[in-house]
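For the protein sequence lines, the chains are A and B, in the order given.
Residues 62 to 403 in the numbering used here are what the first sequence lists, from first letter to last.
Residues 10 to 418 in the numbering used here are what the second sequence lists, from first letter to last.
No residue lacks a Cβ here, since even glycine has one placed at the ideal position from N, Cα and C.
Remember, predicted model here, so these are calculated numbers, not experimental data.
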Amino acid sequence: MYHKEKSIQIKNSASALYNNLSVLRIAPRRLTYFTVVHANVVNMVSASWDGLNYSHRQLQSKEPNVATSTSLIMQAAFCVLPSRELLVITSQKGIQMYESDGSIMVYWHALDTPETPSEVNYVPAQAVFARGISAVWENYICVGVSSGSILVFDVPSKGSNITLSEVLEEHKESITDIASECSGSQQCIADLVSADDGGNLCVWKSGEEFQLLNKIPGFDMSCSSVKLWKGTVVAGYGTGQIRLYEAVTGILHAEVNAHARWIYSLDIAPFSGLLLSAAEDSLVRVWHLTVSQETNSVEVAHLHNECVTDTQICGARFCDGDGYAFAVTGYDLSEIIRYTQT
Amino acid sequence: MSARTLPLVFVNLGGEMLYILDQRLRAPIASEDTSDKGVWSERDRRRVLNDVTATLFGPSFVDELLKPQQLYSHRTLKTVLTRLAHASIMRLNPASMDRLYELTTMAVKHQVLLCPRPKDLLLVSYNHIDAVRDFVRDSPAVLNQVDQAHRRIIEVPAGSGIYSRADFRSAPSWSLLPQVYSSMSEGELQLLRQTLLVFFQDMHVRVSLFLKSKIQNPGNGRFALPTSGPVPHGTEVPGLIRTFDRRGREVRRSEFPPGGSYSRPAGGGSFGLHGARGTLLGTNTYAANRPEETLASRASAQTGDAPNPLAKEELNLLARLMGSMGAQDGAGAEGAFRISMFSPDDEEQEAGTSKEAEAFEVISIQATQDEHVASELAQIAGQFSGAEEQAENPCGNKGDDLLAMMDDL
């Protein structure tokens with residue numbers, strides 16, 4: 062169904078982080094951007110569709126104009142809003158937003174660290190970081206925090222006047238991933254889902270004040286990657302299982318014993334309903350989802366497997382809305398592996 | 010990322026180091042160094058193991074490890090491990106220390122990578138502690154120290170609170186501190202594992218022992234990840250899709266090809282002070298083998314970012330760790346033996362294909378020489394090697410060894 066294409070070499074290897082690959086397709090310029098996190102650096106590659114031109118850029122996570130050491134990055138993701146596209150990078154210190162080509166940083170938000178007692182060189186026992194990034198609706202970008210909070214940023218259609226609009230306090234454990242659907246003009250009942258280290262899922266409706274529609278309890282196992290499509294939450298867990306829930310009711314539609322190890326990445330091609338799952342077990346799997354909103358039923362069919370030998374996969378994304386091609390990253394691997402439909 | 014990595018890092022790296030020291034000190038050493046006193050006696054070997062173990066599991070050292078802190082660079086870690094290795098009558102030359110560090114880090118990288126579940130990282134650590142207990146079984150004082158440290162590690166607070174130095178000292182008993190390593194959630198343990206994986210990233214040193222047992226690929230130095238075998242506890246064997254109706258009743262089952270041959274999980278391991286751990290990761294793989302060499306490979310340098318002088322926090326940590334290991338035993342230093350553990354001649358013989366034969370560069374842990382840093386480290390190291398320098402051994406210049414080593418870093 063798919064065959065391997067020529068890989069893209071990147072400057073550093075990928076780190077073992079959830080959802081460690083982001084892809085942005087720029088049709089007018091016949092380019093695709095890829096970002097992969099390596100420790101405290103984001104490697105960005107811009108690849109032309111004819112396969113002839115590759116340009117590289119590296120971004121570090123640090124406060125503007127401050128010469129302190131950089132911190133470890135947890136995630137980098139492209140956020141597509143109707144009016145603009147931004148690259149969001151989250152780390153132990155804070156959240157940065159860049160123009161999508163990585164050229165200019167437009168916003169920096171420092172994370173609150175707990176009050177420092179008199180002790181010098183104090184380090185909180187609980188890890189502090191931001192993780193989980195998603196664009197929602199017309200003008201919001203949501204970012205999760207290790208405390209369980211979700212920061213909602215209001216993004217104007219241009220310029221750097223980005224503001225923190227709301228903080229959602231519903232999760233009690235570290236946020237792992239956030240996903241949305243129906244950005245732009247489409248209307249949905251639920252347009253945002255957030256997941257945490259306990260496997261708990263929160264379903265939201267975005268707006269000036271975000272509304273919590275539903276909470277789906279976890280089973281003490283981290284949900285490392287989550288997606289929302291046609292009102293269905295697709296969640297990947299550390300046990301290697303994928304579960305499909307109806308977002309607003311929490312009804313379990315399907316359960317797949319998908320992988321033998323921790324799932325690190327899920328992606329959905331919205332126009333075709335193809336689902337991509339990747340895990341530490343070296344396997345990438347392609348599935349087909351059929352969601353019938355009339356009969357409220359969901360079907361999952363397995364289509365294809367790819368094995369990346371001796372590699373714990375940490376990122377997998379479709380390169381286009383139909384799922385014609387997908388890309389994969391793995392721990393310690395200095396390349397982005399690509400597959401295209403035969 | 011995780012601020013709870015140090016105790017596990019030292020238990021595992023320290024444990025691997027003890028395995029290697031134990032094995033090497035049994036073997037007859039053929040050294041061109043005339044100061045070497047020949048084959049090590051059983052008594053001397055036991056002494057080295059006891060001394061290193063006592064230092065590694067010493068209460069003040071464990072105190073320092075248990076404080077929440079970031080995992081710093083290889084440079085800092087190597088400095089501390091060097092100090093640990095020299096806690097007794099044995100001295101390693103810089104090349105040997107380099108290779109010892111490579112062997113131990115590659116071994117722990119393998120263990121961390123192959124842990125079926127993040128929680129199994131604790132079982133791997135306990136395997137190391139169990140083996141170390143066995144090394145020092147004839148020394149009740151040291152054995153007791155290991156037990157105490159093991160208890161404290163099991164009871165490391167998971168991070169619900171924020172502890173200052175004052176809290177640690179005034180706590181009535183470490184056993185009353187809430188939450189334990191073993192009650193950290195899988196998600197938190199996975200974060201810890203991911204932090205360790207960043208630390209070990211891009212290390213692909215070929216280790217003969219691993220190559221021989223097919224744990225590591227000679228071509229790219231990557232560890233072999235099998236797509237078969239038992240799945241971890243809590244995971245189902247892949248291959249099943251279940252669909253449910255709105256009432257939660259299963260309406261369909263279908264199967265798909267898993268692309269590997271998996272089986273149900275094996276028996277579990279014990280997370281307590283004693284018990285079978287249920288995994289071979291972290292056990293002494295050197296015991297059954299004759300001394301093996303590492304083959305230095307042409308792997309890339311560890312750090313990709315611009316060189317930074319040691320951050321102030323990193324230096325502080327280093328100073329605290331070194332200080333907590335106590336002054337070295339001046340008397341013991343008199344009879345110190347210098348050994349070269351990994352003779353370059355043996356490496357030549359071990360070289361299999363011509364591909365390996367050409368790649369004999371020593372791995373550089375740090376991409377650049379930093380004079381300022383070297384002198385900072387030397388200064389700190391110097392504070393703690395002062396005692397031994399007075400009791401100069403006629404055949405050795407151990408103080409110089411330590412300082413020379415710092416310059417190499």
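task = Please confirm whether residue 126 of chain B and residue 16 of chain B have their CB atoms less than 8 Å apart.
result = no
query = Any residues in the region 205 to 229 of chain B with a beta carbon nearer than 7 Å to a beta carbon of chain A? Which ones, in chain order?
reply = 206, 207, 210, 211, 226
Spatial neighbours of residue 365 of chain A in its chain, beta-carbon cut-off 8 Å, leaving aside the 5 residues before and after = 62, 63, 346, 347
query = When you compare only the Cα positions, how much space is there between residue 257 of chain A and residue 209 of chain A?
reply = 7 Å
ask   = Do the CB positions of residue 303 of chain A and residue 338 of chain A come within less than 8 Å of each other?
value = yes
Proximity of residue 250 of chain B and residue 108 of chain A at Cβ, strictly below 8 Å = no
inquiry  = Using C-beta distances below 7 Å, list every residue in its chain close to residue 23 of chain B, excluding the 5 sequence neighbours before and after it, in chain order.
reply    = 65, 93
query = Candidates B:273, B:293, B:10, B:62: which alpha carbon is nearest residue 158 of chain B's?
reply = B:62
query = In angstroms, rounded to a whole number, what distance separates the CA positions of residue 89 of chain B and residue 74 of chain B?
reply = 12 Å
key: Exposure label - residue 272 of chain B; buried when at least 16 CB within 10 Å   = exposed
key: Minimum C-alpha distance to residue 283 of chain A - residue among A:237, A:189, A:305, A:309   = A:237
inquiry  = Let me make sure I understand the geometry here. Which of A:399, A:151, A:115 has the alpha-carbon closest to that of residue 72 of chain A?
reply    = A:115
ask   = Does the beta carbon of residue 233 of chain B sit closer than 8 Å to a beta carbon anywhere in chain A?
value = yes
message = Any beta carbon of chain A sitting closer than 8 Å to that of residue 287 of chain B?
response = no
Residue 280 of chain B in three-state terms, based on DSSP = coil
inquiry  = Suppose you measure from the CA of residue 113 of chain B to the CA of residue 376 of chain A; what does that come to, to the nearest Å?
reply    = 29 Å
request  = Quick one: list the residues of chain A neighbouring residue 195 of chain B, beta-carbon separation under 7 Å, in chain order.
outcome  = 282, 283, 299
ask   = Along chain C, which residues have their Cβ under 7 Å away from the Cβ of residue 10 of chain B?
value = The structure shown contains no chain C; its protein chains are A and B.
ask   = When burial is assigned at 16 or more other CB atoms within 10 Å of the CB, is residue 232 of chain A buried or exposed?
value = buried
inquiry  = Out of B:232, B:83, B:30, which one is the CA nearest neighbour of residue 109 of chain B?
reply    = B:30
message = Using only the alpha-carbon positions, how far apart do residue 223 of chain A and residue 216 of chain A sit?
response = 5 Å
request  = Quick one: residues in its chain with C-beta nearer than 6 Å to the C-beta of residue 393 of chain A, no 5 flanking neighbours on either side, listed in chain order?
outcome  = 74
key: Reference residue 98 of chain A, options A:206, A:106, A:81, closest by Cα   = A:81
key: Interface residues of chain A facing residue 251 of chain B [CB-CB closer than 8 Å]   = 315, 316, 317
inquiry  = Could you check whether the Cβ of residue 142 of chain B sits closer than 8 Å to any Cβ belonging to chain A?
reply    = no
Proximity winner among B:204, B:131, B:245, B:255, relative to residue 270 of chain B (alpha-carbon distances) = B:245
message = Please report whether the beta-carbon of residue 266 of chain B lies at a distance below 8 Å from any beta-carbon of chain A.
response = yes
message = Alpha carbons only, please: which of A:254, A:398, A:199, A:270 is nearest the one belonging to residue 141 of chain A?
response = A:199
message = Let me see if you follow: with CB-CB separation under 8 Å, is residue 269 of chain B close to chain A or not?
response = yes
task = Compute the beta-carbon to beta-carbon distance between residue 300 of chain A and residue 276 of chain B, rounded to the nearest angstrom, for a pair I have assumed lies under 8 Å.
result = Not confirmed; about 18 Å, so no contact.
inquiry  = Going by the DSSP bridge assignment, what does residue 387 of chain A pair with across the sheet?
reply    = A:379, A:400
task = Within the region 162 to 231 of chain A, note down every full beta strand (DSSP E) run reaching 3 residues or more, in order along the chain.
result = 166 to 171, 191 to 197, 201 to 206, 210 to 215, 224 to 230
ask   = At which residue ranges does the region 47 to 129 of chain B contain complete alpha helix (DSSP H) runs of 4 or more residues, listed in the order of the chain?
value = 51 to 65, 68 to 75, 83 to 94, 103 to 123
ask   = Taking only runs of the beta strand (DSSP E) that begin and end inside the region 245 to 276 of chain B, which ones reach a length of at least 3 residues, in chain order?
value = 249 to 253, 259 to 264, 270 to 272
ask   = Where DSSP assigns a beta bridge to residue 93 of chain A, which residues make up the other side?
value = A:86, A:108
task = Have a look at residue 235 of chain B and residue 288 of chain B and give me their C-alpha separation to the nearest angstrom.
result = 16 Å
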